[in-house]
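If you count by our numbering, then the sequence shown holds residues -19 to 692, one letter each, in order. Below: the structure, in structure tokens.
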Amino acid sequence: MKTIWPSISRPVRPALTFFHENVHVRQAVKPLGSRILSGILNFQNEVGLTDLELRLHGQTVLQLQLEIFPVKMDYKQDYQMILNDVNQQIYNLSFDFLRKTYNLTGIKETRHQSLTEFFSILQHVFGQMVQAVERINSSPHAKHQVENRVLEAGRVKKPGKKNIAFLTKRPHLLVHEEQRGIIALNGQKFIPSHAIETKRHVDYDTNENRFVRWVLLRIAKKLKELKTRLIDKGRLQDPLLARKLDEMGKQLGRLLALDFLQVREMRQLSVTLVLQMAPGYREVYRNYLMLMKGLSIQGDLFRLSMKDLAQLYEYWCFLKIHDLLSRKYELLKQDIIKVNRTGVFVTLNKSQKAKMVYRNPANGEEFTLYYNTLPSGEKTPTVSQKPDNVLTLKKNDSASEYKYIFDAKYRLNPAYEDTPYRRDYGTPGPEESDINTMHRYRDAIVYAEGAGKEFERSMFGAYVLFPYHDEEQFKAHRFHKSIELINVGAFPFLPNATKLMEAFLDEIVQDSPEKAYERSTVPRGTKEYYKDKLSGQNVVVGSLRQPEQLNAALRHGFYHVPLENFADHTLLSQLEYVALYQSIGKFKSVGLEAGVYWYARIRDWKVVRRHEIQELPARPGTEEKLYVKFTVERWMKRATPIRPGGRGIYKLLCTSKYVFDRAEEIAELKLQSEEEILSWREKRRAGAVSVTIDHEQVDLASRVTEIKASVE
């Protein structure tokens, strides 16, 4: 019986096909019949060269190479500049990390470092190493050696004073010679047969020069070992690599032949100031740390192609912001450079989070730069948000944190003629959609103190960082002026255009809490609310007539003052705190300090006759006088007293709790208006402040005449 198998129809592969390395681009082109291919190519944000192929029956018949240009035409220059800057910043950061964490007391290199890793690092630092050694050669470190030799007297060219002591101890070297004698002794003349000759010469055989020679020898040895291994395994097939190894070997041989490197072998390495600070030597030492510890770059940071320029720009923005901050502020912690037994690792990549913590040496404030993550506690109850960089500032005298978003966007609208962008904004700038993203970031990211608490908007500003070189021109752009108005906008940011960004970072770091708050856009009516809060007089500072009054007040938890001292009796209902002023005249004379030390929250107050206050006897004639008696919860002592500063309080003074908590001198308690308080706080952040009033007694003064910075 004959079996008939069913025929299986197979799809006929078209004779003409399109090929591209990117599967999405490849799938975008579809055949229309047997001889036509059609599709729309979308390269997304990629730039650079790309190859398109037409294949007939699987064989390439046409290859077309295209160069994809973004609207920003100088992307090639940007790529090289940014890549070089990233490399330099990573190596600087790694060197600082190694210098702080390793104390090298002997010669010991990493055992686990591979030759390929060593060579990849060497390619980055070899040019710097050669330049550093050549710079040392122009002015090498040396020591002056003094050599004393005993020679026949006739051969000594410059006899020194040492010969007097030398011949005094060796009289047998004196020869009697009446005619030529130069030394008189016991009526006779003598000449020395031998004398000391002192010679001085420059000696380059120093520990520092031995170290430089040792480093060059180690590099030469490793290069030779690498070349031998490649030859043995048959892998040295690349003529460019072979030529590079030979050229490096020749350069090292030339350097090792320099005069100042003709020194003895190094036995022990001691890290001297010359190695750490002297020009040339410090560069050699730095590169030695890189080479011998090993630097492994995770995430292909150093191998990003030109197609990844947007991602490289994002990395660079983070590192450059760090660079601008680290120039003026102390870096406390960082986690993009890490170390383990195999070497140093750079963890910066798109999937990682990074954090840098700084301290302002002027006031001790700490602030943090985050990459690819939000600070702890920040949430987005709706759609997840992940800005590139967040700078979090913690101000003294403020419980709030001030947070700013800097988002990298390698996009530029060139504002061509007759385009809506040119009509609306006039000059090139960031895309409108990127500015809209900043509004979204600022409004969507919120913070809550704990479970069940209300959410609050925590971002005080959001800014686009975009690639544009003309900073002066961009100052007139609407998206730059908007920063001052609503704290949302853009900064041009490239290796040769960082001035606007640097100035802004300095500004927000130095801002007082009040200035930082004013930068943000707040709900309508907020300013009036805080103006009332700052100007509200809820603290009374009363003057004590005698030390006994202080003792009684502290012991019994009260304070009393004549009612007539309050010009406006309605103030009594506003008071929440009472503070005690110890005058210079009454307290200094009995050995007690003057100023404001004690304060307390008011529990209750009432108007009574003086004789009703039993805690302290009344002075004759005041028994029927009306007094205000404040009963307090408990007396608290200020961490730092409010000093008199040459002023005093005659009766009593009312001020706000805000000013009271921050005042350092009595005259500052007179500050009342919002303008005075803001000026005082701004100058206080820069140093000591002097407040001048028009009377020696603060409560009798009518106004503040001057607020200026002073030297303590």
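Backbone N, C-alpha and C fix where the C-beta goes; we use that ideal spot for every residue, glycine too. Since this is a predicted model, take the numbers as computed values, not measurements.
Are there 16 or more other CB atoms within 10 angstroms of the CB of residue i, so buried, or fewer, so exposed?
{"i": "Met418", "result": "buried"}
{"i": "Val195", "result": "buried"}
{"i": "Ile87", "result": "Low per-residue confidence applies at Ile87: pLDDT is 31, beneath 50, and the placement is therefore not dependable, though the value from the model is reported in the following sentence. When all chains shown are included, Ile87 counts as exposed."}
{"i": "Tyr620", "result": "First, the residue type needs correcting, since residue 620 is Thr and not Tyr in the sequence shown. Classification of Thr620: exposed, given that the 10 Å Cβ count is below 16."}
{"i": "Lys586", "result": "exposed"}
{"i": "Ala431", "result": "Residue placement at Ala431 cannot be trusted, given a pLDDT of 49 that sits under 50; what the coordinates show is reported in the next sentence. Per the 10 Å Cβ criterion, exposed."}
{"i": "Asn352", "result": "buried"}
{"i": "Asn467", "result": "buried"}
{"i": "Ala689", "result": "exposed"}
{"i": "His313", "result": "Checking the sequence, you will find Lys at residue 313 rather than His. Under this definition Lys313 is an exposed residue."}
{"i": "Thr672", "result": "exposed"}
{"i": "Gln529", "result": "buried"}
{"i": "His4", "result": "exposed"}
{"i": "Tyr448", "result": "buried"}
{"i": "Phe440", "result": "buried"}
{"i": "Met257", "result": "exposed"}
{"i": "Pro400", "result": "exposed"}
{"i": "Arg129", "result": "exposed"}
{"i": "Glu177", "result": "buried"}
{"i": "Asp387", "result": "buried"}
{"i": "Arg599", "result": "exposed"}
{"i": "Tyr82", "result": "In this prediction, Tyr82 scores a pLDDT of 41, lower than 50, which makes its location untrustworthy; no coordinate-derived value is stated."}
{"i": "Gln60", "result": "exposed"}
{"i": "Gly505", "result": "Only weak support is given to the placement of Gly505: the predicted model assigns it a pLDDT of 48, under 50, and the question is left unresolved by the model."}
Residue i: which of the options sits nearest, CA to CA?
{"i": "Glu648", "options": "Thr611, Val576 and Trp615", "result": "Val576"}
{"i": "Pro394", "options": "Lys366, Phe446, Tyr350 and Gln365", "result": "Phe446"}
{"i": "Leu680", "options": "Val639, Leu651 and Lys631", "result": "Lys631"}
{"i": "Glu294", "options": "Pro367, Gln256 and Met336", "result": "Pro367"}
{"i": "Ala547", "options": "Ala689, Val520, Leu530 and Ile564", "result": "Val520"}
{"i": "Glu592", "options": "Tyr579, Glu604, Asp584 and Ile582", "result": "Glu604"}
{"i": "Ser636", "options": "Ala532, Tyr448, Glu556 and Trp660", "result": "Glu556"}
{"i": "Ser695", "options": "Leu238, Arg135 and Val639", "result": "Nothing can be reported for residue 695, as the shown portion of the chain is limited to -19 through 692."}
{"i": "Arg307", "options": "Trp296, Pro341 and Leu292", "result": "Pro341"}
{"i": "Ile582", "options": "Asp185, Lys479, Arg618 and His540", "result": "His540"}
{"i": "Val105", "options": "His124, Asn64 and Val130", "result": "Asn64"}
{"i": "Glu573", "options": "Glu411, Ser653 and Arg623", "result": "Arg623"}
{"i": "Pro472", "options": "Lys688, Leu552 and Ile301", "result": "Ile301"}
{"i": "Ser380", "options": "Gly409, Gln256, Phe347 and Tyr405", "result": "Phe347"}
{"i": "Val243", "options": "Lys204, Thr208 and Tyr184", "result": "Tyr184"}
{"i": "Pro172", "options": "Val136, Thr186 and Leu289", "result": "Val136"}
{"i": "His0", "options": "Lys204, Tyr59 and Leu32", "result": "Leu32"}
{"i": "Arg618", "options": "Ser563, Asp641, Ala133 and Gly625", "result": "Asp641"}
{"i": "Trp578", "options": "Arg589, Tyr561, Gln594 and Val588", "result": "Tyr561"}
{"i": "Leu392", "options": "Arg402, Lys383 and Ile385", "result": "Arg402"}
{"i": "Phe538", "options": "His549, Leu299, Met439 and Tyr607", "result": "Tyr607"}
{"i": "Ala470", "options": "Gly13, Gln45, Gln490 and Glu412", "result": "Glu412"}
{"i": "Tyr268", "options": "Ser569, Ala477, Gln677 and Leu102", "result": "Leu102"}
{"i": "Leu235", "options": "Leu255, Ile62, Leu534 and Asn117", "result": "Asn117"}
{"i": "Phe298", "options": "Lys389, Leu255, Ile211 and Gln365", "result": "Lys389"}
Where do the ends of the beta strand (DSSP E) carrying residue i lie?
{"i": "Gln168", "result": "Gln168 to Pro172"}
{"i": "Trp296", "result": "Segment Leu289 to Ser306 is the alpha helix (DSSP H) holding Trp296; no beta strand (DSSP E) there."}
{"i": "Ala334", "result": "Ala334 to Arg339"}
{"i": "Leu632", "result": "Leu632 to Thr635"}
{"i": "Asn369", "result": "Asn369 to Lys374"}
{"i": "Gly441", "result": "Met439 to Phe446"}
{"i": "Phe(-2)", "result": "Leu(-4) to Phe(-1)"}
Which residue marks the beginning of the alpha helix (DSSP H) containing residue i, and which one marks its end?
{"i": "Asn416", "result": "Glu412 to Ala424"}
{"i": "Ser462", "result": "Arg458 to Ile466"}
{"i": "Trp194", "result": "Asn187 to Asp212"}
{"i": "Asp674", "result": "Segment: none, Asp674 is in no alpha helix (DSSP H) and carries neither H nor E."}
Taking residue i and residue j to be in contact with their CB atoms under 8 Å, please state how far apart those CB atoms are, rounded to whole angstroms.
{"i": "Leu289", "j": "Asp58", "result": "7 Å"}
{"i": "Leu17", "j": "Phe(-2)", "result": "5 Å"}
{"i": "Gln517", "j": "Gln554", "result": "6 Å"}
{"i": "Lys566", "j": "Pro597", "result": "With 8 Å as the limit, Lys566 and Pro597 do not qualify as a contact, their Cβ atoms being about 18 Å apart."}
{"i": "Asn376", "j": "Glu345", "result": "6 Å"}
Exercise. Are at least three pairs of beta-carbons, each pair with one atom in the region 188 to 203 and one in the region 159 to 171, less than 8 Å apart?
Worked result: The region 188 to 203 makes no contact with the region 159 to 171: fewer than 3 CB pairs, one atom from each, lie closer than 8 Å.
Problem set entry | the region 31 to 43 / the region 455 to 464 touching (three or more Cβ pairs under 8 Å) | Fewer than three beta-carbon pairs drawn from the region 31 to 43 and the region 455 to 464 are found closer than 8 Å, and the two stretches are therefore not classed as touching.
Exercise. Would the region 141 to 159 and the region 218 to 227 be scored as touching if the rule is three or more Cβ pairs under 8 Å?
Worked result: They do not touch, by the three-pair rule.
Exercise. Does the region 256 to 271 come within contact of the region 106 to 126, defined as at least 3 CB pairs closer than 8 Å?
Worked result: Output reads yes: the region 106 to 126 touches the region 256 to 271.
Exercise. Counting Cβ pairs closer than 8 Å, one from the region 672 to 686 and one from the region 594 to 613, do we hit at least three?
Worked result: Touching, no, given that fewer than three Cβ pairs across the two stretches are closer than 8 Å.
Exercise. Is the region 226 to 237 in contact with the region 196 to 207, if contact means three or more CB pairs nearer than 8 Å?
Worked result: The region 226 to 237, when compared against the region 196 to 207, does touch it at the 8 Å Cβ threshold.
Exercise. Do three or more CB pairs link the region 617 to 637 to the region 520 to 534 at distances below 8 Å?
Worked result: Verdict: yes, contact present.
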